[in-house]
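Asker: One structure is given below, represented as structure tokens, and several questions about it will come after.
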Amino acid sequence: MKKSIILCLYFVLIMLGSNNSFACVQSDSLKSNLIFTDTIIKIEANPKQGFNYPYYLRIPKGLNKDKTQYLLVETNNTGVNDTLLFHEKETYSQILHNSLGSSLCKNLNIPFLMPIFPRPLKEWEIYTHALDKDAASIKDGEMKRLDLQLIAMIESAREILNKYEITVKEKILMNGFSASGTFANRFTLIHPELIAGVACGGINAITILPISKLDGKKLKYPLGIYDFETLFASKFNITEYQKVPQFIYMGENDNNDAVLFDDAYSNSERKIIFKLLGKIMIPDRFLNCEKIYTKNKVNSTFKIYPNIGHETEQTVFLDVYTFFKNIISQ
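Here's what the structure looks like:
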């Protein structure tokens, strides 16, 4: 024990005056399987593995390697810019501290993945960060099937975490707010078999609906599933979708309505939304979506937070944290 204490003090003396973080392990008998430092890894694009863009993987301080962990996934929402370096810098900021996912990662002590997806200015109508119809319809090139690229990143992260002696579950936890919340909502419907639970907020009071028609109107993606098989080359798995716990929320004063803008919805989609679901976001449109989810037996909780707009605050964080914590504890 004395020898280990001396070694520890030796390393402390070496590190004094340095800005580097460090961990001191005293002896084999006192080694812990807790992660001692917060680590963020950038993984470069790997087309051979199925992803054309890099991603960040965060391993939080306090993670217990003795337990099989859930991987938390939140897609980047970094605005419009034609330079991938711009999105890379903004994504790093988001995975480090500037997102709800970063706080969840830290407080739940689970690994956290965030892709560095582009959102081009020149092709402004392709709203990649929300996985809109234009993005989902891309047939070739680097931006093709971002949903499948994200799945490939998840598999890559699983391999990297294994090298750190961290085992993750087959299903993921997915979080998002605003555009990344919309991405999470749509991704969950496309790949429900991969999701253990999803929380999404600030999604313009509109969810993708697990139905093909409403009042006789065809609901094509991203409104519904009428053209699901054409877009995604598979059948919509309603059985798995109904099992996924979903927490969907809006601020009472949120007036950020992407339905009004052409990069998010076409004019024909806008008319259907206004007519069938409501022009007023809160409470009309949001409650109509909730009714459809309830009618179709989706395992969902819809919540409106009073006195806040297009934002998150402590009450929201605690609810989302509790939602994921309950899933982890099962």
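Heads up: the sequence shown begins at 0 in numbering that gives the first Met the number 0, then just goes up one per residue.
Don't be surprised by glycine CBs; every beta carbon is placed ideally from N, CA and C.
A quick note: this is a predicted structure, and the numbers were derived from the prediction, not measured.
(1) Less than 8 Å between the C-beta atoms of Leu-112 and Met-142, yes or no?
(2) What residue ranges within the segment 33 to 89 form continuous beta strand (DSSP E) runs of no fewer than 3 residues, ordered along the chain?
(3) Quickly, what does DSSP pair Phe-111 with across the bridge? List them, please.
(4) Rounded to the nearest angstrom, how far is the Cβ of Met-280 from that of Asp-253, given a contact under 8 Å?
(5) Assign Val-319 to buried or exposed, taking buried as 16 or more other Cβ atoms, counted over all protein chains shown, within 10 Å of its Cβ.
(6) Going straight from the alpha carbon of Leu-259 to that of Arg-269, what length do you get?
(7) Taking 8 Å as the cut-off, decide whether the C-beta atoms of Ile-303 and Pro-244 are in contact.
(8) What's the C-alpha gap between Asn-203 and Leu-130?
(9) Going by alpha carbons, who is nearest to Gln-68 out of Ile-137, Leu-286, Ile-34 and Thr-166?
(10) Measuring CA to CA, which of Gln-148, Ala-135, Ser-211 and Phe-35 is closest to Lys-47?
(11) Does the distance from the C-beta atom of Asn-63 to that of Asn-32 stay below 8 Å?
(12) Between the Cα of Cys-199 and those of Phe-322, Ile-34 and Asp-214, spot the shortest distance and give me the residue it belongs to.
(13) Going residue by residue through the segment 191 to 231, where are the continuous alpha helix (DSSP H) segments of at least 4 residues, counting only ones entirely within it?
(14) Looking at C-beta atoms only, is the number of pairs between the segment 224 to 234 and the segment 164 to 183 that lie closer than 8 Å three or more?
(15) Taking three-plus beta-carbon pairs below 8 Å as touching, is the segment 78 to 92 in contact with the segment 182 to 189?
(16) Along the beta strand (DSSP E) that carries Met-280, what are the first and last residues, could you check?
(17) Cα separation between Leu-145 and Phe-231?
Answerer: Based on what the coordinates show:
(1) At the C-beta level, Leu-112 and Met-142 stay beyond 8 Å of one another.
(2) Fully enclosed beta strand (DSSP E) runs of 3 or longer: 38 to 42 and 54 to 58.
(3) Within the DSSP secondary-structure output, Phe-111 pairs in a beta bridge with Arg-57 and Leu-71.
(4) Met-280 to Asp-253, Cβ: 7 Å. Contact.
(5) So Val-319 ends up on the buried side.
(6) If I take the Cα positions, the gap works out to 7 Å.
(7) Cβ distance not < 8 Å, so Ile-303 and Pro-244 don't count as in contact.
(8) If I take the Cα positions, the gap works out to 14 Å.
(9) Here the closest residue by C-alpha is Thr-166.
(10) Closest option to Lys-47, Cα to Cα, is Gln-148.
(11) Contact: yes.
(12) Of the candidates Phe-322, Ile-34 and Asp-214, the one whose C-alpha sits nearest the C-alpha of Cys-199 is Phe-322.
(13) Fully enclosed alpha helix (DSSP H) runs of 4 or longer: 227 to 231.
(14) Touching, no.
(15) Because the criterion of three Cβ pairs below 8 Å is not met, the segment 78 to 92 and the segment 182 to 189 do not touch.
(16) Run containing Met-280: none; DSSP gives neither H nor E here.
(17) Leu-145 and Phe-231 have their C-alpha atoms some 11 Å from each other.
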